[in-house]
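In full-length UniProt numbering, the protein residues as written are 1 to 79.
Here you go:
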């Protein structure tokens with residue numbers, strides 16, 4: 001049950017975890033967060049995400065995986 005005014009946390013399980021040179025979980029979650037259903041949900045919580053900026057940041061991250069490019073993604077969400 002979700003109480004009014006409280007955040008409801010959901011755990012996303014990507015099933016298996018392994019070390020890889022090209023991680024995909026960051027791009028996967030960004031793709032999920034830009035789905036129409038999630039954009040509507042985020043907007044209903046007054047969290048507007050600049051989809052174009054997020055996609056550009058995700059593309060840069062995928063080309064150059066680093067703390068800096070990951071930070072660019074986090075800044076799109078205001079984090």
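We treat Cβ as the ideally placed atom computed from N, Cα and C, and that holds for glycine. In this text, all values refer to a predicted model and were calculated from it rather than measured experimentally.
Indicate the three-state DSSP secondary structure (helix, strand or coil) for residue 57 in the structure shown.
-> helix
DSSP on residue 36, reduced to helix/strand/coil?
-> helix
Taking only beta-carbon positions, decide if residue 53 is within less than 8 Å of chain C.
-> Reference to chain C is not applicable here, since this structure consists of a single protein chain.
Contacts around residue 70, its chain only, beta-carbon distance under 8 Å, and the 5 residues preceding and following it disregarded | 26 and 61
Neighbourhood of residue 1 by C-beta distance below 8 Å, restricted to the same chain and skipping five residues each side = Note on residue 1: pLDDT 47, under 50, position unreliable in the model; no value is reported.
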